[in-house]
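One structure is given below, encoded as structure tokens.
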Amino acid sequence: MSKIPVMKRPLAGRPRVESIVDSPKLQHVTRHLDETGDVQIENCIGFVQVPVGIAGPLQVTGPDMKGEYYAPLATCEPTLVASCSRGCKAFNASGGLQFEILNEGMSRAPVFYFPSPSQAIAFARAVPSFRNDFARWAESTSRYVRLQDLQPSIIGSTVHMFCSYFCGSAAGQNMVSKATQHACEMLRSSRCAKQFQIQDFIIEGQLASDKKPSWGNVQRARGVETVAWGTITNAASEEVFGCSTERLHRAQTALKEGGIRNGQFGSNVNTANIIAAMFVSTGQDAGSVAEASWSHLTSEYDYETKDLKMTIYFPSLTVGSVGGGTFYPTQRECLNMLGCAEPAGKRRLAGMIAAFAVALDASTSAAIANDTFTRSHMKLARGEIFGSRVSKL
């Protein structure tokens with residue numbers, strides 16, 4: 232096997248890398264080497280294939296849209312696609328799912344250094360006076376970025392400044408970094424630098440919780456704030472899930488109570504599965520699964536009609552329909568499958584992720600309620616015959 236050139240432009244201060252392997256052991260990784268020319272990562276030698284399964288269809292109603300949609304789930308986990316599809320079937324038999332977009336934003340939180348807390352306090356108090364200038368400087372870096380919020384927090388002799396932006400159809404992490412960097416540099420060169428004795432700044436001080444779970448990202452959107460909901464009738468639950476809605480509600484309540492006792496961050500059954508699978512298939516930043524996976528599932532049972540209403544809330548789904556990995560052909564096909572091409576693709580994608588997450592949570596909790604959870608995993612993941620109950624997939 233000939234040597235594989237893996238870097239077109241060497242990193243500064245490092246020798247040019249020509250090859251990392253002469254062995255045929257990477258034949259699967261490198262077999263599409265000819266397609267790496269337009270890939271925007273360093274040292275690219277090929278691809279790791281992730282299986283993609285199609286879940287659905289699911290009837291979804293959202294702002295300016297209504298129809299049946301399929302979800303491309305990039306995953307190596309058996310049962311995920313089948314379970315999500317089963318949840319879709321139950322909701323379809325009961326009228327489908329709805330979603331709404333509540334808010335959106337992308338944040339960066341630079342830190343300014345001062346000689347003492349007194350200068351830091353004076354600077355923080357003066358933020359409203361230069362907010363318009365800061366916004367003008369930041370927004371000059373892109374035709375899409377718009378400053379939404381500027382909130383200072385005094386920590387010792389520093390001020391952490393939380394900056395939240397609207398970023399159009401992009402997720403916006405790089406967009407807000409560029410905007411904030413320029414605005415901070417302009418601020419440091421303005422009269423404020425001398426007036427408040429700004430000594431230095433760094434672009435991020437963790438107040439934005441980039442790719443990390445935090446209460447901050449629950450309280451204010453770092454991404455798209457989304458809510459999705461739907462009702463499952465008792466007839467649909469018994470037919471599709473093999474259990475009553477009352478028993479399903481009892482299981483969901485027990486899951487929530489156990490999560491509270493365990494100090495669980497958020498309240499859901501397994502929404503991270505949908506987020507990770509749809510992030511990978513549609514070209515989102517997989518690292519943002521960490522901040523996007525917090526969700527709050529609410530289960531409401533009507534003792535008269537026996538209907539079960541399920542609602543899920545995501546404060547920070549960090550997604551985009553342009554930029555990042557969304558321009559690659561495969562990821563673009565997956566976005567189109569979801570009906571998330573422009574315009575309004577970013578907000579629709581967030582709603583679709585939330586809707587399919589409700590479907591999966593319904594099905595997974597039903598498998599726990601009717602005692603087929605283990606059997607389903609043993610059958611689909613291992614091909615084993617286990618137990619005596621049959622799950623209706």
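Going by the numbering used here, the sequence shown opens with residue 232, and the numbers climb by one from there. By construction, the Cβ of each residue, glycine as well, lies at the ideal position given by its N, Cα and C atoms.
Original post:
Going along the chain, which residues of its own chain have a beta-carbon closer than 8 Å to the beta-carbon of V312, five neighbours each way excluded?
Top reply: Here residue 312 corresponds to residue number 81 of the sequence shown, with the count starting at 1. G284, I285, A286, L304 and T306, listed in sequence order.
Original post:
Between the C-alpha atoms of T557 and G489, what's the straight-line distance to the nearest angstrom?
Top reply: Here residue 557 refers to the residue found at position 326 of the sequence shown. Here residue 489 refers to the residue found at position 258 of the sequence shown. For T557 and G489, the distance between alpha carbons rounds to 38 Å.
Subject >> Other residues of its chain near G403: CB distance less than 6 Å, five sequence neighbours each side excluded >> reply: Counted from its first residue, the sequence shown places residue 403 at position 172. Excluding residues within five positions, the ones whose Cβ falls inside 6 Å are M337.
Subject >> Touch test, the region 499-506 against the region 522-529, Cβ-Cβ under 8 Å, three pairs minimum >> reply: The region 499-506 and the region 522-529 touch, with no fewer than 3 CB-CB distances between them shorter than 8 Å.
**OP:** Identify whether H263 lies in helix, strand or coil by the three-state DSSP scheme.
**Re:** Locating residue 263 in the sequence shown gives position 32, where the first residue counts as 1. The three-state reading of DSSP puts H263 in coil, since its state is none of H, G, I, E or B.
Original post:
What is the rounded straight-line gap between the Cα of S347 and the Cα of C423?
Top reply: What you label residue 347 is simply residue 116 of the sequence shown in a count that begins at 1. What you label residue 423 is simply residue 192 of the sequence shown in a count that begins at 1. Rounded to whole angstroms, S347 to C423 spans 16 Å at the Cα level.
Subject >> Cβ neighbour criterion (16 or more within 10 Å) applied to R578 >> reply: Stepping through the sequence shown from its first residue, residue 578 is reached at position 347. R578 comes out buried.
**OP:** Ignore the nearest five residues each way along the sequence and tell me which others in A369's own chain have a CB closer than 6 Å to its CB.
**Re:** Reading the sequence shown from its first residue, position 138 is the one you call residue 369. Contacts found: L378, A410 and A414.
Original post:
Enumerated in chain order, which unbroken segments of the beta strand (DSSP E) with a length of 3 residues or greater are wholly contained in the region 275-300?
Top reply: 283-293
Original post:
If you draw a straight line from the alpha carbon of A572 to that of G387, how long is it in whole angstroms?
Top reply: In the sequence shown, residue 572 corresponds to position 341, counting from 1. In the sequence shown, residue 387 corresponds to position 156, counting from 1. Distance from the CA of A572 to the CA of G387, rounded to the nearest whole angstrom, comes to 46 Å.
Original post:
Are at least three pairs of beta-carbons, each pair with one atom in the region 464-484 and one in the region 350-359, less than 8 Å apart?
Top reply: Short answer: they don't touch.
Original post:
What's the C-alpha gap between S512 and L591?
Top reply: Along the sequence shown, read from residue 1 onward, the residue named residue 512 stands at position 281. Along the sequence shown, read from residue 1 onward, the residue named residue 591 stands at position 360. Going by the C-alpha atoms only, they are around 17 Å apart.
Original post:
For Q426, which residues does DSSP report across the bridge?
Top reply: As a first step, residue 426 must be located in the sequence shown, where it is residue number 195. DSSP lists no partner for Q426.
**OP:** Quick one: grab the DSSP three-state call for G614.
**Re:** Here residue 614 refers to the residue found at position 383 of the sequence shown. G614 falls in the coil class under three-state DSSP.
**OP:** Mind checking who I463 pairs with in its DSSP beta bridge?
**Re:** Counting from 1 along the sequence shown, the entry for residue 463 is found at position 232. DSSP output for I463 lists L539 as bridge partner(s).
Subject >> Residues that DSSP places opposite A401 in a beta bridge >> reply: Here residue 401 refers to the residue found at position 170 of the sequence shown. V553, per the DSSP bridge assignment.
Original post:
From the DSSP output, which residues share a beta bridge with G570?
Top reply: As a first step, residue 570 is located in the sequence shown; it is residue number 339 there, counting from the start. Beta-bridge pairing links G570 to no other residue.
Original post:
With burial defined as no fewer than 16 other Cβ atoms inside 10 Å of the residue's Cβ, what is the status of I332: buried or exposed?
Top reply: Within the sequence shown, residue 332 is the residue found at index 101, counting from 1. Around the beta carbon of I332, a 10 Å sphere encloses 16 or more other beta carbons of the protein chains shown; the residue is thus reported as buried.
Original post:
With 16 as the cutoff for other CB atoms within 10 Å, does K320 come out buried or exposed?
Top reply: As a working mapping, residue 320 is identified with position 89 in the sequence shown. So K320 counts as buried.
Subject >> Contained beta strand (DSSP E) runs [length at least 3] in the region 321-380, N- to C-terminal order >> reply: 328-339 and 342-344
Original post:
What are the uninterrupted segments assigned as beta strand (DSSP E) that are 3 or more residues long and contained completely in the region 471-545, given in chain order?
Top reply: 527-532
Original post:
Can you list, in chain order, the residues of its chain whose CB lies under 7 Å from that of P546, leaving out five sequence neighbours each side?
Top reply: For this step, residue 546 is matched to residue 315 along the sequence shown. For P546, where only same-chain residues beyond five positions count, the Cβ hits under 7 Å are N448, V449, A452, E456 and W525.
Original post:
Comparing alpha-carbon positions, which option in R481, G399 and N493 lies nearest E531?
Top reply: As a working note, residue 531 is residue 300 in the sequence shown. The shortest C-alpha separation from E531 is found at R481.
**OP:** Please confirm whether F365 and L418 have their CB atoms less than 8 Å apart.
**Re:** Counting from one through the sequence shown, the residue named residue 365 turns up at place 134. Counting from one through the sequence shown, the residue named residue 418 turns up at place 187. In this structure, L418 lies closer than 8 Å to F365 by Cβ.
Original post:
Can you tell me the Cα-Cα spacing of F510 and A302, whole angstroms?
Top reply: By one-based count along the sequence shown, residue 510 stands at place 279. By one-based count along the sequence shown, residue 302 stands at place 71. Roughly 11 Å separates the two Cα atoms.
Subject >> C-alpha distance - T561 paired with K442, whole-angstrom precision >> reply: Residue 561 sits at position 330 when you count from the first residue of the sequence shown. Residue 442 sits at position 211 when you count from the first residue of the sequence shown. Rounded to whole angstroms, T561 to K442 spans 24 Å at the Cα level.
Original post:
Who are the Cβ neighbours of I429 in its own chain at under 6 Å, not counting the five residues just before and after it?
Top reply: Working through the sequence shown from its first residue, we reach residue 429 at position 198. The beta carbon of I429 sits closer than 6 Å to those of F343 and R419, all from its chain and outside the five residues before and after it, given in chain order.
**OP:** Check the Cβ-Cβ distances between F278 and every residue of chain D, and say whether any is below 8 Å.
**Re:** Among the protein chains of the structure shown there is no chain D, as only one such chain exists.
**OP:** Measure the Cβ-Cβ separation of A586 and A508 and say whether it is below 8 Å.
**Re:** Numbered from its first residue, the sequence shown carries residue 586 at position 355. Numbered from its first residue, the sequence shown carries residue 508 at position 277. Cβ atoms of A586 and A508: not closer than 8 Å.
Original post:
Any chance the region 561-570 sits against the region 597-608, with 3 or more Cβ pairs inside 8 Å?
Top reply: With the cut-off at 8 Å, the region 561-570 and the region 597-608 do not touch.
Subject >> Host beta strand (DSSP E) of I433 (start-end) >> reply: Against the sequence shown, residue 433 aligns to sequence position 202. Taken as a continuous stretch (DSSP letters only), the beta strand (DSSP E) holding I433 covers D431 to I433.
Original post:
Going by the CB atoms, is the gap between G454 and A523 shorter than 8 Å?
Top reply: Locating residue 523 in the sequence shown gives position 292, counting from the first residue. Locating residue 454 in the sequence shown gives position 223, counting from the first residue. Contact: yes.
Subject >> Collapsed DSSP secondary structure at A305 in the structure displayed >> reply: By one-based count along the sequence shown, residue 305 stands at place 74. Note: A305 maps to strand in three-state DSSP.
Original post:
Between the beta-carbon of V281 and the beta-carbon of V260, is there less than 8 Å?
Top reply: Looking up residue 281 in the sequence shown gives position 50. Looking up residue 260 in the sequence shown gives position 29. Cβ atoms of V281 and V260: not closer than 8 Å.
**OP:** With a 10 Å radius around its C-beta and 16 neighbouring C-beta atoms as the bar for buried, classify I272 as buried or exposed.
**Re:** Along the sequence shown, one-based indexing puts residue 272 at 41. Counting Cβ neighbours within 10 Å, I272 comes out exposed, since fewer than 16 surround it.
Subject >> Residues near V407 in its chain [Cβ-Cβ closer than 6 Å; skip 5 each side] >> reply: Mapped onto the sequence shown, residue 407 falls at position 176. Correct list, in chain order: M337, R339 and Y396.
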